[in-house]
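Working notes for the structure below.
If you want it as structure tokens, here you go:
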């Protein structure tokens with residue numbers, strides 16, 4: 001109630017209080033009335049920037065992913081067209097569990113299915129290109145200025161949208177040759193959307209290959225245990241130079257403001273939104289009957305996760321026993337009388 005540096009009538013949001021804390025870092029209560037326009041404008045700029053940051057899906061788990069929003073228009077139009085034209089859905093391709101048989105897929109948030117994940121990620125990129133708002137780009141990502149091969153770039157390279165199959169083939173080739181994981185594909189999409197948001201760019205026919213390559217390059221270095229060096233990609237894409245790869249990586253990092261952190265909540269949100277995208281576009285994850293061998297495998301994974309959680313809880317309890325930092329529930333020994 002004593003934050004008089006905030007314009008009168010402004011709700012006390014986290015952003016406004018943070019602004020006051022920035023102005024008064026010494027912890028003293030604010031007593032300076034905001035009467036001049038310069039102070040008010042600075043406050044408004046701060047609040048707008050904070051709200052924009054909180055709406056960025058690559059940084060905050062509560063914000064909706066961009067690719068899922070861009071795909072919804074096509075999904076609605078397809079359903080509407082099928083309804084108007086009385087198109088039959090045809091035979092059911094999805095398997096459903098019964099009393100005698102349980103169907104599950106091997107894809108989990110910690111161990112996604114590689115092939116299905118790449119299909120979903122490339123479909124998300126396809127919708128980014130197809131439903132883009134404009135063609136904002138930078139020279140470093142232009143394929144005409146920085147070609148990936150010695151073959152001449154077509155004259156209409158900047159106008160023809162690539163098909164999903166072409167994007168999938170490009171990404172699958174890189175992942176197969178570099179032996180990258182499905183988790184790396186999800187982080188690639190996070191970095192791609194973060195780049196588009198931070199740098200205010202659009203992924204379009206002229207730049208999609210180099211933007212995707214830059215995102216894969218960064219994700220493989222940050223996420224994978226066995227990092228792939230720039231020279232390794234030069235062996236996959238024979239005609240690209242190490243200097244070009246280094247320059248693109250440097251620009252990519254600068255445009256990301258060197259923010260390569262991916263919180264677990266953001267990673268999980270992208271994983272489940274990709275599954276939603278697959279469901280909307282009939283890209284079902286492979287389902288197999290649950291047999292004894294797969295049941296034992298699931299049980300082993302569950303036991304491993306449970307043991308890991310117990311070890312973390314014990315370590316946290318040993319680290320601190322103060323009332324402010326208790327982790328987990330302490331159970332008292334039972335007394336039998």
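Numbering (the UniProt record's numbering), first residue to last: 1 to 337.
Note that CB positions come from ideal geometry on N, CA and C, so glycine has one too.
Note that the structure is a prediction, hence the values are computed from the model and not measured.
Membership of residue 276 in the alpha helix (DSSP H) is indicated by the continuous run 264-280.
In terms of CA proximity to residue 175, 121 leads the group 283, 158, 62, 121. CA-CA distance, residue 192 to residue 125, rounds to 9 Å. Three or more pairs of CB atoms, one per stretch, sit closer than 8 Å, so the region 179-189 contacts the region 210-225.
Bounds of the alpha helix (DSSP H) holding residue 116 are 114-130. Membership of residue 236 in the alpha helix (DSSP H) is indicated by the continuous run 230-236. The beta carbon of residue 75 sits closer than 8 Å to the beta carbons of 280, 281 from its chain, once the five residues preceding and following it are set aside; these are given in chain order. Its chain contains 218, 260 as the residues whose beta carbon lies nearer than 8 Å to that of residue 253, once the 5 sequence neighbours on both sides are disregarded; these appear in chain order.
Three or more pairs of CB atoms, one per stretch, sit closer than 8 Å, so the region 160-168 contacts the region 123-141. The straight-line gap separating the alpha-carbon atoms of residue 202 and residue 300 is approximately 44 Å. Setting aside the 5 residues that flank it on each side, residue 224 is surrounded in the same chain by 180, 181, 184, each with a C-beta closer than 7 Å to its C-beta; the list follows chain order. Taking C-beta atoms as the reference points, residue 267 and residue 65 fail to come closer than 8 Å. The criterion of a C-beta distance shorter than 8 Å is not satisfied by residue 211 and residue 272.
Counting every other CB atom within 10 Å of its CB across the protein chains shown gives residue 246 a total below 16, marking it as exposed. In the assembly as shown, residue 250 is an exposed residue. Its beta-carbon has fewer than 16 other beta-carbons within 10 Å. Ranked by Cα distance from residue 135, the options 177, 157, 110 are led by 157.
For residue 219, the uninterrupted alpha helix (DSSP H) run begins and ends at 208-222, by DSSP. Around residue 145, the same chain offers 139 as residues with beta carbons nearer than 8 Å, after the five sequence neighbours per side are excluded. The Cβ atoms of residue 204 and residue 137 sit closer than 8 Å to each other. Straight through space, the alpha carbons of residue 112 and residue 295 are spaced by roughly 17 Å. The Cβ-Cβ distance between residue 56 and residue 197 falls below 8 Å.
Between residue 133 and the set 173, 69, 151, the nearest pair of CA atoms involves 69.
Looking at the backbone, the Cα of residue 233 and that of residue 178 are separated by about 8 Å. According to DSSP, residue pairing for residue 154 in a beta bridge does not occur. Bounds of the alpha helix (DSSP H) holding residue 165 are 164-178. The beta-carbon distance between residue 153 and residue 163, rounded to whole angstroms, is 18 Å. This is too long to meet the 8 Å contact definition. In this structure, the beta-carbon distance from residue 199 to residue 255 falls below 8 Å. For the 8 Å CB-CB criterion, residue 262 and residue 190 form a contact. Residue 118 is a Cβ neighbour of residue 172, given a cutoff of 8 Å. For residue 191, the enclosing alpha helix (DSSP H) has its first and last residue at 182-198.
Ranked by Cα distance from residue 114, the first of 130, 274, 244 is 274. Excluding sequence positions up to five before and after residue 265, its CB lies within less than 6 Å of the CB of 61, all in the same chain and listed in chain order. The DSSP-derived three-state label of residue 144 is coil.
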